[in-house]
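Before any comments, here is the structure.
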Amino acid sequence: MSLELKNLHINVEKKEIVRGLSLIVLPGEVHVIMGPNGSGKSTFANTLLGHPKYTITKGMIELNKLNITKLPPEERAKHGLFLAMQHTPEIPGVSVANFLRLAIAARTGERKNPIAFRKDLLEMLAKVGLAPDFAARSLNAGFSGGERKRLEMLQLLTFEPAYSILDETDSGLDVDALKIVVATIQTLKKRGKGFLVITHYPRLLSHLKVDTVHIMAQGKIVKTGGAELAAEIEKEGFKKYEE
Ligand SMILES: Nc1ncnc2c1ncn2[C@@H]1O[C@H](COP(=O)(O)OP(=O)(O)OP(=O)(O)O)[C@@H](O)[C@H]1O
Ligand SMILES: [Mg+2]
66 MSLELKNLHI NVEKKEIVRG LSLIVLPGEV HVIMGPNGSG KSTFANTLLG HPKYTITKGM
126 IELNKLNITK LPPEERAKHG LFLAMQHTPE IPGVSVANFL RLAIAARTGE RKNPIAFRKD
186 LLEMLAKVGL APDFAARSLN AGFSGGERKR LEMLQLLTFE PAYSILDETD SGLDVDALKI
246 VVATIQTLKK RGKGFLVITH YPRLLSHLKV DTVHIMAQGK IVKTGGAELA AEIEKEGFKK
306 YEE
């Protein structure tokens, strides 16, 4: 069981952005990716979920030894991948409650009883610090930045994906929301779920127990270590990793 990126090369608009990215996340591991702006972090994160704008020109993605490189996004999600995007889309007209109910049905084939589902949903909303009326609101429409992130955590708790890629989920969060993000990751980590966490803030690591830190620069991982690597970046920046 693992999420493996093997020598990934990714083009955007015919330009090579990711240039030979390899890493392995095992169940229950939290890997943090740090790197300068424009180093290709969101590019590879979005590619993992199968965004059509990105073309894999070389290498592959394996989920539990299954080659998912060519699978469409919904198939990848079914196999247990979850991506929290740096910029989440709004879906006017689709309520939070309906979106979650349909998403659960699409993933598991299980159609939840609406009354039981509503009870679960209200509990989940409370857990991530969102008011009950969020259930009826259009997905992400007019949500504040922090509210979107809280909703992402609610999705994580609902879907319990095998592997999640969180792209700057901790940016722009108040202290309470950051705690919710950390608690969500810790809860799922304990249940054997794996995480790739892209962040610019070493402060996240003072709350979150991480297994591995990778530095990404110019489209590939240039250094891998433990939490001490984040402290080093905080002090010295990325200069020595940039060509
Ligand atoms: N559609 C596109 N057309 C042209 N260039 C693109 C496109 N998408 C991404 N890029 C370029 O790819 C590079 C990597 O972008 P990416 O968003 O992956 O960086 P990042 O590491 O996530 O940066 P940040 O820390 O600022 O979020 C950037 O130089 C960006 O301008
Ligand atoms: Mg980014």
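In our numbering, the protein residues as written are 66 to 308. The beta carbon of each residue, even a glycine, is placed where N, CA and C say it ideally should be.
Residue i classed as buried or exposed, judged by whether at least 16 other C-beta atoms fall within 10 angstroms
i: A196; result: exposed
i: N111; result: buried
i: S107; result: buried
i: R176; result: exposed
i: V275; result: buried
i: R141; result: buried
i: D239; result: exposed
i: G237; result: exposed
i: K256; result: According to the sequence as given, residue 256 is Arg; it is not Lys. Flag for R256 reads exposed.
i: K285; result: buried
i: I180; result: exposed
i: S87; result: exposed
i: G158; result: exposed
i: G105; result: buried
i: K304; result: exposed
C-beta contact flag for residue i and residue j at 8 Å
i: I245; j: G194; result: yes
i: A227; j: P267; result: no
i: M66; j: N129; result: yes
i: H121; j: E127; result: Looking at the sequence shown, residue 121 is not His but Ile. Cβ atoms of I121 and E127: not closer than 8 Å.
i: L243; j: D232; result: no
i: L190; j: L221; result: no
i: L113; j: L91; result: no
i: L167; j: I230; result: no
Distance between beta carbons of residue j and residue i, contact taken as under 8 Å
i: V77; j: F109; result: 11 Å between Cβ atoms; not a contact.
i: G124; j: L73; result: 4 Å
i: K192; j: R172; result: K192 to R172, Cβ: 20 Å. No contact.
i: Y291; j: V278; result: The displayed chain sequence assigns Gly, not Tyr, to residue 291. Yes, they are in contact, since the Cβ atoms of G291 and V278 sit about 6 Å apart, within 8 Å.
i: V247; j: H272; result: 5 Å
i: I156; j: T223; result: About 16 Å; that fails the 8 Å criterion.
i: V335; j: R202; result: Residue 335 falls outside the range modelled here, since the chain spans only 66 to 308, and no answer is possible.
Identified DSSP bridge partners for residue i
i: S203; result: S160
i: G85; result: Bridge partners of G85: none, in fact.
i: E127; result: E69, N132
i: K285; result: A282
i: K80; result: V77
i: Y119; result: V77
i: T277; result: H96
i: G290; result: V278
Segment limits, alpha helix (DSSP H) that includes residue i
i: S107; result: 106–113
i: V247; result: 240–255
i: F224; result: 210–224
i: F182; result: 179–192
i: A142; result: 138–143
i: S271; result: 268–272
For residue i, the first and last residue of its enclosing beta strand (DSSP E)
i: E65; result: A question about residue 65 goes unanswered here, because the residues of the chain that appear run from 66 up to 308.
i: F260; result: 259–263
i: F147; result: 146–149
i: G93; result: Unbroken run through G93: none, as it is neither H nor E.
i: D232; result: 228–232
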